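Engineer: Those protein sequences? They're chains A and B, same order as listed.
To get my numbering, take the position in the first sequence, counting from 1, and add 991.
To get my numbering, take the position in the second sequence, counting from 1, and add 60.
To start, I am sharing the structure in question, which I have written as structure tokens.
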Amino acid sequence: MSETVTRVPAVEGWFTIDDGAPHLIGARCTVCATVVFPPREGACPNPDCDSDSLEPTPLSRRGRVWSYTENHYAPPAPYVAAEPFEPYALAAVELADEGIVVLGQVAKGVRAGDLKVGMDMQLELDTLYRDDDHEYVVYVWAPA
Amino acid sequence: MSATGDRDVAILGVGMHPWGKWGRDFTEYGMVAARGALEDAGVSWRDVQYVAGADTIRNGYPGFIAGATFAQKLGWTGVRVSSSYAACASGAQALHQARAQILAGFCDVALVIGADTTPKGFFAPVGGERKNDPDWLRFHLLGATNPVYFALYARRRMDVYGATSDDFARVKVKNSKHGLENPNARFRKENAVDDVLNSPIVADPLRLLDICATSDGAAAIIVSSMDFARSHLGSTDGVPRVTAVSTVTPSYPQTVLELPDFATDSSAVVAPPDRTFKDSITGAAYEEAGIGPGDLSLAEVYDLSTALELDWYENIGLCGEGEAEALLRSGATELGGRIPVNPSGGLACFGEAIPAQAIAQVCEVTWQLRGQAGARQVEGARVGITANQGLFGHGSSVIVTN
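Here's what the structure looks like:
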């Protein structure tokens, strides 16, 4: 691996990576104030709002586990699976303020057996995969 | 059983190609199902005025235009066609199209058909780098396979309602018994609780035998106007009728995390609807048919996983929230019980052939209502419901009554 590996988000604009306290970025309607994640531009998802104005907005870093699992089989591409494959946990976490449940992988080393519905979680960042020049980062959930 | 019955259509014939895994051209399977349905209905291909195809997205262009593909395969007659894609709900959408054409008076006799050939292993997203496609992104960013979502629902049942792995295994045991004598089922082997509990974990808490396989298969239905059925058969007494087709989508905000989404809608500004999406799917069907869960003789529900069958018990109104495990343990949902669920053996015995599956559910209800289900017959079956959900917000529920 080269020594000048650049740390980049695995997807643009979904979370912050440089502020030490990562948070998800959603989009908020400037008219009705409803929130959507993943972030997007254009039409508000509220059927009773005809706004076309969604603006990026930071989402709560904290939430509670809605449910969780642990995947024991390597997913097909486009997932870049570690070799040898290691099972990983995922959690769907209900954000404290937005009433949105967001699915994410759980920080490495935390297994399904460590989780429980209702548990407090916090957003962190972790490496999804690497190539010669980049480390691709993604948001993960970790017990708070 | 709708208020006047004037929006019913008759099921004249049903046909299937057995489920399996052979990797052949999906149209071969479809032709067997279509010919079977035509023969069962006692009508000729020339009598069919409309073909409603349910699409498969894994078999190239012919799969995207299933209506035309099967019209050509059966021999062009100038017949009009439609092709519907709604993931697992495609078959219900196709049936909805055919029924609408008949009720609008545009045709009397229609063929509803779906067939698939599936790859081995997990379903993967369509190829290419598509960073705006949530289905591609959920694999890329999260490694969130379909069983991951099934497992989230299963785990929630455990933590919230006290469900156990043993409960989930009992669903498989029940369905494996139901499907033993079903000639169209792919897996016809009785499983014990320990077989399930000893199978490898796929997505905790679900094990290999908790999760349905992907299969090749085909199913077809000939539906007609009640007038055509009357003149064709002399009487419509005892003829299974489609009394409801629900193809509803969610209401905002959708607060249950659904395949293939990263997140639910927000409930912070707009209050959640009175009933969840899955409750609304069958709710709309009951309202259309003018019946309730208490009128059912049987149900065919989409057991993509064993735990998901338990969710459906509640969604179709067989019991209250959190009571599905007790209902299962009571034996009520077994053949011979109060309300047998998945007498066909369900996806546990079939595996999933996406565009054919919702149609196959209706085939099973039809055989049950005609008393032709052999060893898996539900005694005195009069009313059956199917329930299913296609990813990206596609509801699917059909009520058939005689």
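C-beta atoms are modelled at their ideal positions from N, C-alpha and C, and glycine is treated no differently.
Remember, it's a predicted structure, so these values are computed and weren't measured experimentally.
Quick one: what does DSSP say Gln161(B) is sitting in, helix, strand or coil?
Structural biologist: helix
Engineer: Tell me, please, which residues DSSP counts as bridged to Met1110(A).
Structural biologist: None, per the DSSP bridge assignment.
Engineer: Use the C-beta contact count for Arg1076(A): other C-beta atoms within 10 angstroms, 16 or more gives buried, fewer gives exposed.
Structural biologist: According to the sequence as given, residue 1076(A) is Phe; it is not Arg. Burial state of Phe1076(A) is exposed, judged by a 10 Å Cβ sphere holding fewer than 16 other Cβ atoms.
Engineer: Name, in chain order, the residues that DSSP records as bridge partners for Val1132(A).
Structural biologist: Checking the displayed sequence, the identity of residue 1132(A) turns out to be Trp instead of Val. Partner(s): Val1097(A) and Leu1114(A).
Engineer: Using beta carbons (cut-off 8 Å, strictly below), is Phe288(B) in contact with chain A?
Structural biologist: no
Engineer: How would you write the range of the alpha helix (DSSP H) that Gln421(B) sits in, first residue to last?
Structural biologist: Ile414 to Arg430
Engineer: Who does Glu1085(A) pair with in a DSSP beta bridge?
Structural biologist: Paired residues: Arg1055(A) and Val1092(A).
Engineer: Ser68(B): which of Thr296(B), Asn402(B), Thr336(B) and Gly434(B) sits nearest, CA to CA?
Structural biologist: The residue asked about is misnamed: residue 68(B) is Asp in this sequence, not Ser. Distance check between Asp68(B) and each of Thr296(B), Asn402(B), Thr336(B) and Gly434(B) places Thr296(B) closest, using alpha-carbon atoms only.
Engineer: In chain order, what residues of the same chain lie with their CB nearer than 7 Å to the CB of Leu212(B), ignoring the 5 residues before and after it?
Structural biologist: Leu317
Engineer: What does a CB cutoff of less than 6 Å around Ser1057(A) pick up in its chain, not counting 5 residues either side in sequence?
Structural biologist: Here the sequence assigns Trp to residue 1057(A), which means Ser is not the residue at that position. Cβ within range, chain order: Ala1083, Glu1085 and Val1092.
Engineer: If we ignore side chains and look at the alpha-carbon of each, how far apart do Ala289(B) and Ala70(B) end up?
Structural biologist: 6 Å
Engineer: For Ser259(B), return the contacting residues in chain A, with the cut-off set at a CB-CB distance below 9 Å.
Structural biologist: Below the 9 Å Cβ cutoff, chain A contributes no neighbours of Ser259(B), its closest Cβ being approximately 12 Å away.
Engineer: Check for me: the beta strand (DSSP E) holding Leu171(B) runs from which residue to which?
Structural biologist: Val169 to Asp176
Engineer: Would you please verify whether the beta carbon of His25(B) is less than 8 Å from any beta carbon of chain A?
Structural biologist: No answer is possible for residue 25(B): it lies beyond the span of chain B, which begins at 61 and ends at 462.
Engineer: Since Ala97(B) and Ile281(B) are thought to touch, with beta carbons under 8 Å apart, how far apart are those beta carbons, to the nearest angstrom?
Structural biologist: Right, their Cβ atoms sit about 6 Å apart.
Engineer: Give me the chain B residues within the contact set of His1063(A), using Cβ-Cβ distance strictly less than 9 Å, ordered along the chain.
Structural biologist: Pro260, Ile261, Val262, Ala263 and Asp264
Engineer: In whole angstroms, what separates the C-alpha of Leu72(B) from that of Asp100(B)?
Structural biologist: 7 Å
Engineer: Near Ser225(B), what residues of its chain come up, given a Cβ to Cβ distance below 7 Å and the 5 sequence neighbours on each side ignored?
Structural biologist: Excluding residues within five positions, the ones whose Cβ falls inside 7 Å are Leu257 and Pro265.
Engineer: Let me make sure I understand the geometry here. Which of Ala158(B), Ala175(B) and Ile173(B) has the alpha-carbon closest to that of Cys167(B)?
Structural biologist: Here the closest residue by C-alpha is Ala158(B).
Engineer: Measuring only between beta-carbons, confirm whether Met992(A) sits less than 8 Å from chain B.
Structural biologist: Here the model assigns Met992(A) a pLDDT of 46, short of 50, so the residue's position is not dependable, and the following value carries that caveat. No, because no Cβ of chain B sits closer than 8 Å to the Cβ of Met992(A).
Engineer: Does DSSP put Asp107(B) in a helix, in a strand, or in coil?
Structural biologist: Helix, per DSSP.
Engineer: Give the DSSP-derived three-state secondary structure of Met992(A) in the structure shown.
Structural biologist: Model confidence at Met992(A) stands at a pLDDT of 46, short of 50, so the residue's coordinates are unreliable; what they give is reported in the following sentence. Look at Met992(A) here: in three-state DSSP terms it is coil, with no helix or strand label.
Engineer: Could you tell me if Ile459(B) is buried or exposed, where buried requires 16 or more neighbouring beta carbons within 10 angstroms of its beta carbon?
Structural biologist: buried
Engineer: Would a check of beta-carbon distances place Val1027(A) closer than 8 Å to chain B?
Structural biologist: yes
Engineer: Suppose you measure from the CA of Ser993(A) to the CA of Arg1121(A); what does that come to, to the nearest Å?
Structural biologist: Because Ser993(A) carries a pLDDT of 49, less than 50, the predicted location of this residue cannot be relied on, and no value is offered for it.
Engineer: Look up Ala63(B) in the DSSP assignment and say whether it is helix, strand or coil.
Structural biologist: Below a pLDDT of 50, predicted positions are generally treated as unreliable, and Ala63(B), at 46, falls in that range; the measurement from the model is reported next regardless. Coil, per DSSP.
Engineer: Under a CB-based cut-off of 8 Å, is Ala344(B) close to chain A?
Structural biologist: no
Engineer: How is the alpha helix (DSSP H) around Glu385(B) delimited, first residue to last?
Structural biologist: Ala384 to Arg389
Engineer: Report buried or exposed for Tyr1130(A), applying the criterion of at least 16 other Cβ atoms within 10 angstroms of its Cβ.
Structural biologist: buried
Engineer: For Asn206(B), name the three-state secondary structure that DSSP assigns.
Structural biologist: Asn206(B): helix per DSSP, three-state reduction.
Engineer: For the region 76-84 of chain B and the region 134-143 of chain B, state whether three or more C-beta atom pairs, one from each stretch, are separated by less than 8 Å.
Structural biologist: no
Engineer: Rounded to whole angstroms, what is the Cα-Cα separation between Ala408(B) and Gly1004(A)?
Structural biologist: 41 Å
Engineer: What is the DSSP secondary structure of Asp264(B), reduced to helix, strand or coil?
Structural biologist: strand
Engineer: Quick check: what's the CA-CA separation for Gly406(B) versus Asp1010(A)?
Structural biologist: 51 Å
Engineer: Compute the distance between the beta-carbons of Ala418(B) and Ala152(B), then report whether it is under 8 Å.
Structural biologist: In this structure, Ala152(B) lies closer than 8 Å to Ala418(B) by Cβ.
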